[in-house]
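Reading through the structure tokens given below for one structure.
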Amino acid sequence: MDAKQERRKPYLYESILSFGFLIFVMAIGIAKYGVDPHVPMLIGTAFAAVIAVKIGYSWTEIEKSMFDGIYQALQAVVILAIIGVLIGVWLQAGVVPSMIYYGLSILRPKIFLVATLLICSITSLATGTSWGTVGTVGLALMGIATGLGIPAPIAAGAIISGAYFGDKLSPLSDTTNLAPAVSGTDVFTHVKFMLQSTVIVYVICIILYLFLGFKYVSSSADMSSILEIKEGLASTFNISPFLLIPPLAVIVSIAFKVPAIPGITIGILLGIIEAFIFQGATFGQILTASYGGFVSETGLEAIDELLTAGGLEGMMYSISLTIIAMMFGGIMEKTGQLEVIVEVILRKIKSATGLITMTVATCIFSNATMPEQYISIVVPGRMYTRTYKEKGLHPKTLSNVLESAGTVTSALIPWNTCGVFMTGILGISTLQYGKWAFFNYLMPLAVILLSIPGWTVAKIEDDPDTVIETTSL
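Throughout the sequence shown, residue numbering follows numbering that gives the first Met the number 0, covering 0 to 472 in sequence.
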């Protein structure tokens, strides 16, 4: 009998089983055994396929649904690969070290908390990683905070706020590329749309940290760790303001709506030229850094840990997880398993603000139950992408919510991989630093409140050219 004639709409309990099994496997794998999320996600995908067979789909149709899901993420996969090359080249050229060097130069004891926020923001923007920022520059800043008499939880909050600001906005960040990929738009459109709400929250954070800083004013502090990092950078790289040209070129590309891949490629080409000019790099060194990443050998652990990064090979972790997650999303979406869950959730939600609020809640729930930052972007993204489009909302509306709730709240969940990492590195529990990480909990609130006047809501009809259409089964 033809399998297509036997198809039926999944029952709610069947869809919940698929999600429940994924939550169970992810929670066990990550929280108990500390494994990477790839294989648990693959197991969850296999279970979703079993449910699809049960409701009448053939293997050919299931396979096609997985391929359709992957196809939607192909642009993000290509961009992630190119960004790996970009990071390797920029490290070899001294671009990233120069950004960090000048960022550290703004540190002043009297405005320590604000300077900490700015330094971690610059470092995270330059590297695309909140973890790398916290584990290196953030750790050094914690030591200075102790010398100044600033409570460790407050200092940790400022460090994490700055680190996630960069992680959320940097085109070099994997989450910044993943959110638009699952939503149906491109990374530059996504970044531009995030700016308004993110800057508003950032300004509020500056004011709050400035106010807190006045309580701990000191004219002197032990700056030796920061000076050591600056000296290490200056002794290894030729630091120059001209090395800021490549990132400025990428920013200008975003402003002038240059497509993501050409815009990033411009940054790579400028980085290659400056690697020859400023660091005397050979073509072989540039090729090596482009594929295998740059290896820092300054002799300072804090610097070497941060700057040994990049390369096409280094992006394979994110690329492989993106592919597997989109396989799961493709099955869930094309077999109707997402649809029946979303129908129940959104039954009484009519407004854009209500939809955004529910998306925020789903992201936070995902961070708590499937304790991995990437999954809190992929799962809610695939759940709601069709609903946003049906309501005429541009995919960048959804991608902004995913970043504002999925990315930044991960560090506030004690058992999430991000919360565990931050606690392990800084030595401060999530419950202690959580209330001082202003950016991380104000951002999801802001994206909801700003949707009321329409600031975080965009219509498809206003920008149809940046909508990436999905395939259908």
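From the three backbone atoms N, C-alpha and C, an ideal C-beta is built for every residue, glycine too.
Given the structure is predicted, the values throughout are model-derived calculations rather than measurements.
Residue i, buried or exposed, once every other Cβ within 10 Å from all chains shown has been counted against 16
i      : result
Lys214 : exposed
Lys349 : exposed
Tyr201 : buried
Ser102 : The identity of residue 102 in the sequence shown is Gly, whereas the question assumes Ser. Gly102 is buried by the Cβ-count criterion.
Lys395 : buried
Lys434 : exposed
Gly298 : exposed
Ile206 : exposed
Pro452 : exposed
Val343 : exposed
Ser172 : buried
Asp166 : buried
Met315 : exposed
Thr406 : buried
Ser97  : buried
Ala48  : buried
Trp89  : buried
Lys3   : With a pLDDT of only 49 at Lys3, under the threshold of 50, the placement of this residue in the model should not be trusted; the figure read from the coordinates follows. When all chains shown are included, Lys3 counts as exposed.
Ser450 : buried
First through last residue of the alpha helix (DSSP H) which encompasses residue i
i      : result
Gly423 : Thr416 to Leu425
Ala254 : Ile244 to Ala254
Ala445 : Phe437 to Leu448
Arg7   : Element bounds for Arg7: n/a, residue is neither H nor E.
Glu227 : Ser223 to Thr235
Tyr215 : It is not in any alpha helix (DSSP H) - Tyr215 carries neither H nor E in the DSSP assignment.
His37  : His37 to Lys53
Leu286 : Phe282 to Gly291
Ile478 : Within the shown structure, residues of the chain are numbered from 0 to 472, placing residue 478 beyond reach of any answer.
Asp303 : Glu300 to Leu306
Leu397 : Pro394 to Val400
Pro370 : No alpha helix (DSSP H) holds Pro370; DSSP gives it neither H nor E.
Ser375 : Ile374 to Glu389
Residue from the options whose Cα sits closest to the Cα of residue i
i      : options                           : result
Gly55  : Gly87, Thr334 and Phe364          : Thr334
Gly146 : Tyr163, Val113, Pro108 and Thr132 : Pro108
Met40  : Val377, Met442 and His393         : Val377
Leu473 : Leu345, Leu411, Val24 and Ala301  : With the chain represented from 0 up to 472, any question about residue 473 goes unanswered, as that position is not in the structure.
Ala114 : Thr174, Gly134, Ser97 and Cys204  : Cys204
Gly148 : Val339, Leu112, Gly266 and Ser123 : Leu112
Ile318 : Asn176, Leu247, Trp130 and Val76  : Val76
Ser252 : Pro379, Val190, Leu209 and Tyr316 : Val190
Thr174 : Ile424, Trp454, Ile374 and Gly423 : Ile374
Leu168 : Ser104, Leu140, Cys119 and Thr135 : Cys119
Arg385 : Val339, Ile424 and Pro413         : Val339
Ile81  : Leu411, Pro170, Pro379 and Asp303 : Pro170
Thr368 : Ala178, Gln336, Glu402 and Ile412 : Ile412
Ile83  : Thr307, Ile447 and Leu448         : Correcting the residue identity first, residue 83 is Gly in this sequence and not Ile. With distances taken between Cα atoms, Gly83 lies closest to Thr307.
Inter-residue CB distance, residue i and residue j (contact presumed, cutoff 8 Å)
i      : j      : result
Pro325 : Gly68  : One point to set straight first is that residue 325 is Met, not Pro, in the sequence displayed. 4 Å between Cβ atoms; contact.
Gly93  : Leu320 : Their Cβ separation, rounded to whole angstroms, is 30 Å, which puts Gly93 and Leu320 out of contact at 8 Å.
Ala351 : Lys390 : 7 Å
Phe438 : Ser160 : 4 Å
Pro476 : Ile29  : Residue 476 lies beyond the range of the chain shown here (0 to 472); nothing can be said about it.
Lys458 : Leu392 : 7 Å
Met442 : Ser409 : Between Ser409 and Met442 the Cβ distance is about 12 Å, and since that is not below 8 Å, they are no contact.
Kindly provide the ranges of any alpha helix (DSSP H) runs that are 4 or more residues long and lie completely inside the segment 315-360, ordered along the chain.
Counting only runs of 4 or more, we get 315-333 and 336-344.
Ignoring anything shorter than 4 residues or poking outside the segment 67-143, list the alpha helix (DSSP H) runs there in chain order.
73-92, 94-103, 111-126 and 129-132
Mind pulling the alpha helix (DSSP H) runs of 4 or more residues that sit fully within the segment 150-189?
151-168 and 173-182
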